[in-house]
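The structure appears below as structure tokens.
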Amino acid sequence: MKSRTSLTSWKDLNEHAQEMKKYHMSEIFEQDAERFTDFSIRLEPFLLDYSKNLITHNTMDKLIALAKECEVESWREKMFNGERINSTEDRAVLHTALRDRSHAKLMLDDKNISDDIKKSLNKMKEFSDNIRQGLYKGYSGKRITDVVNIGVGGSNLGPQMVTEGLKKYSDCNVNVHYVSNVDGTQIANVLRPLNPETVLFIVSSKTFTTTETITNAKTAMKWLVSSSFDQGAITKHFVAVSSNKANAMEFGIDEDNIFDMWDWVGGRFSLWSAIGLPIAIDLGFERFTELLEGAHEMDKHFKTAPLEANTPVILALLSVWNCTFLGAQSQAILPYDQPLHMLSAYLQQAEMESNGKSVNWHGDEIDYPTVPSIWGELGINGQHAFYQYLHQSNNVVPADFIGSVESVTPVKGHHETLMANFFAQTQALMQGVNEEQVRADLKAKGRTQEYIDQVAPHKVHKGNRPTNTILMKRISPKSLGSLIALYEHKIFVQGIILQVCSFDQWGVELGKGLANKIKAELESDNCNSPHDSSTDGLIKYYKSVGTL
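The numbering of the sequence shown is the working numbering, which starts it at 8 and goes up by one.
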């Protein structure tokens, strides 16, 4: 298969990018009074405004032509139909099936997986209801008051981001905690205030071999047994979410307490499955269902909307435009909603683990930039931390601004102040302020010419910094489900256009393998394995200082 750079649409965009670099967005806005109308999409859960990008109608036509030449529509159909588009692992990619509220029949390897999904959801509902109603008891007969989810990566970030985002909708009937870091400090801090008689552990690991998760789970198990003096307490206080039932049972978890996962669901796309059990326990299964419904609504939009009015497609094309053609190397995710304080971290994993690749589908080196580095923070916090960099550094960082019309926790005067900053920042990043404007402003304020000459260059903002604005009506289970699904599909389209395998993560495996070997050395008296001089020196220093 030819490199994407050989496509006619790719060549057109390369030439067009050089031409567009001569323009400034503020000039384009002045010339087009209908720009906002033409470059925004209104959906039920939110509005997407992408007018503050360095684009014209001609740019978008060329980007849509690229999507068509890359056969995005055909690949989209393959994904929803369960074809094995995860080619390096020979797997289907069907996280969308987990939230298909139509419960349509979907055959995979001669089996209707919709039946498996329905069965899993029913088990989640029954279990979460029993926990919340106090019907499920611990080893001493007391109700469960706290749940500790032990996982890492997608088994942690998704559920934690959602429960944090929807905390306003929780009745706090059961307290949910998360442990992901193998640094013992985290699990020690989580366990310290808990009562072993009333805590339930959910061990979430697709393969049930993830070192960090298993290490934390073993520590939790020892804590429980040492407190209860009863090995049998494990069956009452541990459940698992895994595709490897044998490993979970060998670990000591009762078969009836194992919730299914499937190899056609990637970890970073799995919160819609039983990986979302902490969500159902925290919010109630009805709210979890609303989350699924919101995602399903976005799935239907992605499947049916024409490319030029398709929000995931537009976001993906703009990412490719800004990063691959215009040269931006990173992208910021900037929520102006306190409940979304974990969204940047969640999307960082979702996009960078999916599309952070340097070879194409056939293993050939890619000769163009692929995914940008994703980073971000709550908007207001960022304004007083790194927005200086966004506004005035030589590096242009495209940014997604995400906010809500209504706050889930209205406090008089607060939301208006928050949203004033939200709107002002995208305007400032787009328009900037030139030296002539700065000088005129300083002169009007009565500053001396000497002061103006000294300070004016430092106050110049070049502007022309691209942003997308996503404005939700209000954060709710349904709107959050739609928002997450929006980015999932954006990542998919981005991967198709960049011709990378979005659903494997081989880059994670190398470090894991080396860590297992080094761990054995750290636990022994010998350090004889061959390493580079730096790694060897570090290990020897660590061991020598640790014995002092």
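Built from N, CA and C at the ideal position, the CB exists for glycine as well. From a predicted model like this one, the values you see are computed outputs, not experimental measurements.
Note to self: Between the alpha carbons of H422 and A287, how many angstroms are there, rounded?
What the structure shows: Position 415 of the sequence shown, counted from the first residue, corresponds to residue 422. Position 280 of the sequence shown, counted from the first residue, corresponds to residue 287. Rounded to whole angstroms, H422 to A287 spans 29 angstroms at the Cα level.
Next item on the list: Indicate the three-state DSSP secondary structure (helix, strand or coil) for W279 in the structure shown.
Entry: Counting from 1 along the sequence shown, the entry for residue 279 is found at position 272. Coil at W279, not helix or strand.
Checklist line | Nonlocal neighbours in the same chain, by C-beta distance under 6 angstroms from E204, ignoring five residues either side | finding: For the purposes of this step, residue 204 is taken as the residue at position 197 of the sequence shown. Closer than 6 angstroms at Cβ, skipping near neighbours: G145, S147, K149.
Note to self: Buried or exposed for S365, going by 16 or more other Cβ atoms inside 10 Å?
What the structure shows: Residue 365 sits at position 358 when you count from the first residue of the sequence shown. Counting Cβ neighbours within 10 Å, S365 comes out exposed, since fewer than 16 surround it.
Next item on the list: Kindly examine the ligand GDP and report whether one of its heavy atoms sits closer than 7 angstroms to the Cβ of R83.
Entry: For the structure depicted, the ligand GDP is absent and the ligand set is empty, with no information on it obtainable.
Next item on the list: Quick one: residues in its chain with C-beta nearer than 8 angstroms to the C-beta of N523, no 5 flanking neighbours on either side, listed in chain order?
Entry: Position 516 of the sequence shown, counting from 1, holds the residue named residue 523. Closer than 8 angstroms at the Cβ level, and outside the excluded window around N523, lie T218.
Margin query: On a Cα-Cα basis, can you pick out the residue from V100, L385, V418, C77 that is closest to K85?
Written below: As a working note, residue 85 is residue 78 in the sequence shown. Nearest to K85 by alpha-carbon distance, out of V100, L385, V418, C77, is V100.
Item checked: Closest residue to V500 among D39, R83, Y30, E37 (Cα-Cα distance) -> Within the sequence shown, the letter at position 493 stands for residue 500. Ranking the options by Cα distance to V500, first place goes to R83.
Next item on the list: Could you name the residues that DSSP lists as bridge partners for R454?
Entry: In the sequence shown, residue 454 corresponds to position 447, counting from 1. DSSP lists no partner for R454.
Note to self: I need the straight-line Cα distance from A335 to T377, nearest angstrom please.
What the structure shows: As a working mapping, residue 335 is identified with position 328 in the sequence shown. As a working mapping, residue 377 is identified with position 370 in the sequence shown. Distance between the alpha carbons of A335 and T377 is about 10 angstroms.
Next item on the list: Look at the alpha carbon of E262 and the alpha carbon of P405, and state the distance between them as a whole number of angstroms.
Entry: Here residue 262 refers to the residue found at position 255 of the sequence shown. Here residue 405 refers to the residue found at position 398 of the sequence shown. Taking the straight line joining both Cα atoms gives about 48 angstroms.
Notebook entry, point to check: Which residue or residues does DSSP assign as beta-bridge partners of V186?
Noted result: Translated into positions along the sequence shown, residue 186 becomes position 179. In the DSSP output, where bridge partners are listed per residue, V186 has I157.
Next item on the list: Return the Cβ separation of S489 and M305 in integer angstroms, given the expectation that the two are a contact with Cβ distance under 8 angstroms.
Entry: Residue mapping note: residue 489 aligns to position 482 of the sequence shown, counting from 1. Residue mapping note: residue 305 aligns to position 298 of the sequence shown, counting from 1. About 4 angstroms separates the two Cβ atoms, so the contact holds.
Next item on the list: Give a yes or no on contact between the segment 370-389 and the segment 458-478, applying the rule of three or more CB pairs nearer than 8 angstroms.
Entry: The segment 370-389 makes no contact with the segment 458-478: fewer than 3 CB pairs, one atom from each, lie closer than 8 angstroms.
Checklist line | Beta-carbon gap between S250 and S211 smaller than 8 angstroms | finding: By 1-based counting over the sequence shown, the position of residue 250 is 243. By 1-based counting over the sequence shown, the position of residue 211 is 204. Contact: no.
Note to self: Within 8 angstroms, do at least three Cβ pairs link the segment 190-208 to the segment 317-333?
What the structure shows: no
Next item on the list: Label E22 either buried or exposed according to how many other C-beta atoms from any shown protein chain fall within 10 Å of its C-beta, with 16 as the threshold for buried.
Entry: As a position in the sequence shown, residue 22 is number 15, starting the count at 1. So E22 counts as exposed.
Next item on the list: Determine, using beta carbons only, whether P319 and F309 come nearer to each other than 8 angstroms.
Entry: On the sequence shown, position 312 is the one that residue 319 refers to. On the sequence shown, position 302 is the one that residue 309 refers to. Yes, the Cβ-Cβ distance between P319 and F309 is below 8 angstroms.
Notebook entry, point to check: Nearest to S234 by alpha carbon, out of Q356, L314, T542, L201?
Noted result: Within the sequence shown, numbered from 1, the residue matching residue 234 stands at position 227. Of Q356, L314, T542, L201, the residue nearest in Cα terms is L201.
Check: In the segment 119-165, which residue ranges form an unbroken beta strand (DSSP E) of at least 3 residues, counting only runs that do not cross its ends?
Finding: As for any beta strand (DSSP E) of minimum length 3 sitting wholly inside the segment 119-165, the runs are 153-157, ordered along the chain.
Check: Alpha carbon to alpha carbon, how far is P166 from D45?
Finding: As a working mapping, residue 166 is identified with position 159 in the sequence shown. As a working mapping, residue 45 is identified with position 38 in the sequence shown. Rounded to the nearest angstrom, the two C-alpha atoms are 36 angstroms apart.
Next item on the list: Write down the C-beta distance between L164 and P484 rounded to the nearest angstrom, noting that I regard them as a contact closer than 8 angstroms.
Entry: As a first step, residue 164 must be located in the sequence shown, where it is residue number 157. As a first step, residue 484 must be located in the sequence shown, where it is residue number 477. The Cβ separation is near 18 angstroms, so there is no contact.
Notebook entry, point to check: Taking the continuous beta strand (DSSP E) assigned at L341, which residues delimit it?
Noted result: In the sequence shown, residue 341 corresponds to position 334, counting from 1. Run containing L341: 337-342, per the beta strand (DSSP E) assignment.
Item checked: Distance between beta carbons of G291 and I340, contact taken as under 8 angstroms -> Here residue 340 is taken as the residue at index 333 of the sequence shown, counted from 1. Here residue 291 is taken as the residue at index 284 of the sequence shown, counted from 1. Taking 8 angstroms as the upper bound for CB-CB distance, I340 and G291 are not in contact here, some 28 angstroms apart.
Check: Of the choices K452, P464, P417, N475, whose alpha-carbon is the least far from that of M437?
Finding: Position 430 of the sequence shown, counting from 1, holds the residue named residue 437. Comparing Cα positions, the closest option is N475.
Margin query: Would the segment 528-539 count as touching the segment 106-118 if we require 3 or more Cβ pairs under 8 angstroms?
Written below: no
Next item on the list: Give, in chain order, every unbroken run of the beta strand (DSSP E) that is at least 3 residues long and sits entirely within the segment 49-82.
Entry: 53-56
Checklist line | Touching by the beta-carbon criterion (3+ pairs, under 8 angstroms), the segment 510-523 and the segment 389-402 | finding: Note that the segment 510-523 does not touch the segment 389-402; fewer than 3 beta-carbon pairs, one per stretch, sit closer than 8 angstroms.
Margin query: If the criterion is Cβ atoms closer than 8 angstroms, does the pair I1 and P346 meet it?
Written below: This structure does not reach residue 1, given that the chain is present from 8 up to 555, and the question cannot be answered.
Margin query: With DSSP as the reference, identify every bridge partner of F266, one or two as the case may be.
Written below: Reading the sequence shown from its first residue, position 259 is the one you call residue 266. Answer is V248, bridged to F266.
Note to self: Ignoring anything shorter than 3 residues, give me the beta strand (DSSP E) runs that lie fully in the segment 456-539, in order along the chain.
What the structure shows: Unbroken beta strand (DSSP E) stretches of 3 residues or longer found wholly inside the segment 456-539: 474-479, given in chain order.
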